[in-house]
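So the number in our numbering is just where the residue sits in the sequence shown, counting from 1, plus 3. Every residue, glycine too, gets a C-beta built ideally from N, C-alpha and C. Keep in mind the model is a prediction, meaning the values are calculated, not measured.
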Amino acid sequence: MENYDVIIVGCGPAGLRAAKVLAENKINVLALDKKQEIGVPVRCGEGLGLGWFKRLNLKPNSAWAVQPIKGAALYSPTGKKVEIRFEEVSGYILERRMFEKYLAREAALKGACIKVKHHVLDVKRKGSKVEVFGKYLGDEFKYSANIIIAADGVDSLTARRLGLNTTNKLVDIDSGFQYEMAGIDFEDPDLIHLYFGNEVAPRGYVWLFPKGDHEANVGVGIAGYREETAKYYLDKFISSRESLAKGSIIHINSGAVPVGGFLDNMVLDNLLVCGDAAHQVDPTHGGGIGLSMEAATIAAEVAVEAIKKVDYSQKFLSRYNKLWYEKRGNALKQRLKARIFMEQLTDDEFDAIADNLSGEDILKLAGGELSEKAKFMARLLIKKPSIAGKIAKSLR
Ligand SMILES: Cc1cc2nc3c(=O)[nH]c(=O)nc-3n(C[C@H](O)[C@H](O)[C@H](O)COP(=O)(O)OP(=O)(O)OC[C@H]3O[C@@H](n4cnc5c(N)ncnc54)[C@H](O)[C@@H]3O)c2cc1C
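What follows is the structure in structure tokens.
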């Protein structure tokens with residue numbers, strides 16, 4: 004049986020990032036994925052903000068960062084548009100299957116061993132190690148490692164098999180459905196377009212992420228426990244707009260997004276969990292590419308230390324929890340409150356916010372200027388006192 008320092012289950016952005024960091028540190032690492040091709044099928048709107056490129060030290064490459072974006076247009080239920088536009092590029096729409104292949108090549112170049120079509124069916128502790136069992140093209144395989152990184156996405160079973168409950172509550176899952184559409188018309192291909200409202204997308208939004216002047220990812224995310232499906236809301240949205248309805252659908256993808264906040268504890272003996280498997284998604288918009296890669300970097304760095312110290316205990320690996328909370332977790336907890344606030348808003352209240360908010364205001368609010376926040380809230384509460392109770396509820 005082949006033995007590794009670390010085995011990663013799942014080669015999405017999280018697993019591939021962890022593989023690269025481990026290999027760079029000369030750790031003997033194996034990364035397994037059940038897919039037959041890295042990056043395929045895509046389950047993603049493919050948007051990634053520029054901040055993530057900087058934080059993750061990624062250089063945009065036209066092979067996978069296909070559409071530069073300079074801001075966002077937000078639409079209220081009655082169609083009021085609030086535009087945030089930057090002088091410079093503020094993010095990219097990716098070609099994610101190419102992006103993941105790029106991440107895989109980078110990891111392999113550093114020395115990671117990546118195996119596709121390797122479906123992990125069980126993981127069991129044996130002595131101080133963990134054994135990984137699965138199937139590759141009908142044949143059984145068995146590997147062992149000191150540490151397992153569970154990066155197997157929203158449906159993760161790996162961590163559960165080792166005793167860590169990663170189950171999502173139904174109420175904390177959003178359902179995403181998307182068409183890649185060609186031959187459509189829309190304004191401003193250098194902006195992402197987000198449409199809000201309880202009729203448009205309950206607890207979520209419709210997105211239009213441009214990929215050129217006449218092509219875009221048009222998708223919707225909604226609370227997963229609705230009677231009507233995400234597809235229903237997306238089809239309704241598209242059919243009400245001739246500029247979209249006239250286009251062709253060239254790719255369909257869908258998936259679940261864990262928006263209920265990340266796991267409080269993401270480690271056990273021999274185990275680190277990261278990415279969607281640990282629910283490390285921004286609860287306000289469902290984006291998880293950057294967060295999963297950031298978490299994977301921290302998890303891999305802690306695994307490197309653990310291998311050096313020959314300590315794979317939960318106590319040692321808990322350093323990952325601590326570093327994650329410090330770097331990102333504490334801020335993300337606040338964003339969960341923002342989501343809870345947003346999901347209570349009526350269409351009327353959404354419109355009142357749009358009426359009282361300019362793109363400039365949003366930037367000031369995002370910049371965290373307290374006096375600006377106070378001024379905005381005062382303005383809003385005079386117009387819509389009903390919002391006060393909802394703010395209080397979300398802060399509880
Ligand atoms: C419709 C939709 C739109 C989205 N849009 C965006 C967006 O625009 N921007 C953004 O930042 N985020 C977006 N997200 C979220 C983003 O896709 C995820 O947060 C991100 O993919 C998480 O990466 P990951 O590596 O943790 O998991 P994944 O990308 O899900 O990778 C997990 C991998 O594990 C493998 N795996 C699972 N089980 C096993 C097993 N037993 N054996 C072997 N391999 C296994 C899977 O094959 C998969 O390759 C969207 C999600 C959805 C569903």
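Have a look at the DSSP bridge pairing and note the partners of residue i.
i, result
"Y315", "For Y315, which the question treats as bridged, DSSP gives no partner whatsoever."
"Q70", "I96"
"Y182", "V221 and I255"
"N6", "S147"
"V402", "This structure cannot settle anything about residue 402, because the visible part of the chain is limited to 4 through 399."
"Y78", "K84 and Y198"
"I11", "A34 and I152"
"E40", "V43"
"L116", "One detail in the question is off: residue 116 reads as Cys in this sequence, not Leu. In the DSSP output, where bridge partners are listed per residue, C116 has L33."
Any idea what DSSP makes of residue i, helix, strand or coil?
i, result
"E90", "coil"
"I356", "helix"
"P213", "strand"
"E230", "coil"
"P16", "helix"
"A153", "strand"
"K330", "helix"
"E109", "helix"
"V3", "Residue 3 lies beyond the range of the chain shown here (4 to 399); nothing can be said about it."
"G50", "strand"
"D193", "coil"
Just tell me which of the options has its CA closest to the CA of residue i.
i, options, result
"D279", "E5, Y182 and L266", "L266"
"F102", "G222, K118, L271 and S65", "S65"
"A281", "Y182, A162, D193 and I150", "A162"
"V223", "K325, D238 and F319", "D238"
"A34", "C14, E218 and A355", "C14"
"D188", "I241, N201, A341 and Y208", "I241"
"G156", "C277, K120, E352 and K23", "C277"
"L348", "E202, E231 and S321", "E202"
"L106", "Y208, A17 and Y7", "A17"
"G289", "Y139, L211 and G207", "G207"
"T232", "L77, H217 and A204", "A204"
"Y198", "E40, G82, L53 and W55", "G82"
"C47", "A154, S79 and A219", "A219"
"K37", "K311, Y139, G200 and Y323", "Y139"
"L247", "S257, L271, L275 and L211", "L211"
Residues in the same chain with beta-carbon distance under 8 Å from residue i, minus the five sequence neighbours each way, listed in chain order, please.
i, result
"G264", "D175, H282, P286, L335, K336 and L339"
"L173", "G227 and Y228"
Give me, in chain order, the residues of the same chain whose beta-carbon lies closer than 7 Å to that of residue i; leave out the 5 immediate sequence neighbours on both sides.
i, result
"K132", "S147, A148 and N149"
"V24", "T300, A303 and E304"
"I41", "C14, E103, K104, A107 and V119"
Determine whether the beta carbon atoms of residue i and residue j lie at a separation below 9 Å.
i, j, result
"L194", "I356", "no"
"M401", "S251", "The question about residue 401 has no answer here: the residues shown for the chain are numbered 4 through 399."
"L160", "M269", "no"
"V307", "V135", "no"
Closer than 6 Å by C-beta to residue i: which residues in its own chain qualify, once you throw out the five before and the five after it? Chain order, please.
i, result
"F319", "A309"
"N171", "P261"
"F144", "G137"
Is there at least one non-hydrogen atom of ligand 3 closer than 8 Å to the beta-carbon of residue i?
i, result
"T161", "As far as ligands go, the structure on display features ligand 1 and does not contain ligand 3."
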